[in-house]
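Take 238 as the starting number for the sequence shown in my numbering and just add one per residue.
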Amino acid sequence: MKEHAHCATIKVLFAFHLLFLQILHKSAQAQMRPLGDASTRDSLSLEQYLDLVLAANPTAISAELEADVAEATLRNAYGEFDPIFEGKIERKTKSGLPTVDFLSAGLELPIGSLFGPKFVAKYKRGTGSRLSSVDLTGAEGEAEIGVKSPTLARYLFRQAPCNVRKSRAAPRPFAC
Numbered sequence: 238m239k240e241h242a243h244c245a246t247i248k249v250l251f252a253f254h255l256l257f258l259q260i261l262h263k264s265a266q267a268q269m270r271p272l273g274d275a276s277t278r279d280s281l282s283l284e285q286y287l288d289l290v291l292a293a294n295p296t297a298i299s300a301e302l303e304a305d306v307a308e309a310t311l312r313n314a315y316g317e318f319d320p321i322f323e324g325k326i327e328r329k330t331k332s333g334l335p336t337v338d339f340l341s342a343g344l345e346l347p348i349g350s351l352f353g354p355k356f357v358a359k360y361k362r363g364t365g366s367r368l369s370s371v372d373l374t375g376a377e378g379e380a381e382i383g384v385k386s387p388t389l390a391r392y393l394f395r396q397a398p399c400n401v402r403k404s405r406a407a408p409r410p411f412a413c
């Protein structure tokens, strides 16, 4: 009885195989016909069909978007290592007399290490009768040079290097 069931299974598989070969043969013949103009063409090549499927596939679209997001995150993470230049000038006069004369310029240069220190150089000069006591300096101004370091909580978990590693490990879109 087992042999009879086995033979029936083989016959069914053989019939499907023949049907598949017949369909494949007709498809190959249809593609070998002269194409003529686009209005008489009624079939797509396998490559065209796959392109259409991939263009409409939500998973493929999502994969492309994820790759774009990963690339943007990587650019943003690299931006955290860029130097920062800052400057501010404020001048106010009243009745021809200077009430506020403030100048501030500085540079923060991140040092690419594990815990994120930054080299800092700043210059500040503030004179005038209506300047706040925080910004008030002598006529020669004040200079500041030093190293800025984040708090202890950020020593272990810096976001910028983590973002760079995470973005590099992101999946890339597949190509067909």
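Glycine included, each C-beta is placed from N, C-alpha and C at the ideal position. Because the structure is a prediction, the values reported are computed rather than measured.
Distance between residue j and residue i (C-alpha atoms, nearest Å)
| i | j | result |
| --- | --- | --- |
| Thr374 | Thr388 | 29 Å |
| Glu377 | Ser386 | 28 Å |
| Phe251 | Lys263 | 18 Å |
| Gly365 | Asp319 | 35 Å |
| Ile348 | Glu381 | 18 Å |
| Thr246 | Leu256 | 15 Å |
| Gly316 | Ser299 | 26 Å |
| Val432 | Ala304 | Examination of residue 432 is not possible in this model, given that the chain is present from 238 through 413 alone. |
| Pro335 | Phe322 | 27 Å |
| Asp427 | Glu379 | Summary: the structure shown does not reach residue 427, with the chain confined to residues 238 through 413, and so no result is reported for it. |
| Phe356 | Ala309 | 27 Å |
| Ser282 | Val249 | 29 Å |
| Phe411 | Leu340 | Because the pLDDT at Phe411 is just 49, under 50, the model does not fix this residue reliably, and the point stays unresolved. |
| Val331 | Ala307 | Checking the sequence shown, residue 331 turns out to be Lys, not Val. The alpha-carbon atoms of Lys331 and Ala307 are separated by roughly 53 Å. |
| Ala297 | Leu311 | 21 Å |
| Asn294 | Ser280 | 20 Å |
| Gly353 | Asp288 | 46 Å |
| Ala292 | Ala314 | 30 Å |
Among the options, the one whose alpha carbon lies nearest that of residue i
| i | options | result |
| --- | --- | --- |
| Val384 | Ala252, Asp338, Glu345 | Glu345 |
| Ala358 | Gly343, Leu368, Ser366, Val249 | Gly343 |
| Arg367 | Arg328, Leu283, Leu291 | Arg328 |
| Arg362 | Ser332, Lys325, Lys331, Pro354 | Lys325 |
For residue i, three-class secondary structure by DSSP
| i | result |
| --- | --- |
| Leu256 | helix |
| Met238 | Residue placement at Met238 cannot be trusted, given a pLDDT of 49 that sits under 50; what the coordinates show is reported in the next sentence. Three-state DSSP puts Met238 in coil, outside helix and strand. |
| Leu281 | coil |
| Val290 | helix |
| Cys413 | Residue confidence for Cys413 is low, a pLDDT of 43 falling below 50, so the modelled location carries little weight; the figure read from the coordinates is stated next. The answer is coil: DSSP assigns Cys413 none of H, G, I, E or B. |
Limits of the alpha helix (DSSP H) - the one that residue i falls within
| i | result |
| --- | --- |
| Val306 | 295-316 |
Distance cut-off 6 Å: residue i Cβ against heavy atoms of the ligand HEM
| i | result |
| --- | --- |
| Thr364 | Because no ligand of any kind appears in the structure shown, any question about the ligand HEM cannot be addressed here. |
Boundaries of the beta strand (DSSP E) in which residue i is found, first to last residue
| i | result |
| --- | --- |
| Gly363 | 355-364 |
| Ala380 | 379-385 |
Per DSSP, the bridge partner or partners of residue i
| i | result |
| --- | --- |
| Ile321 | Glu345 |
| Phe339 | Glu327, Gly363 |
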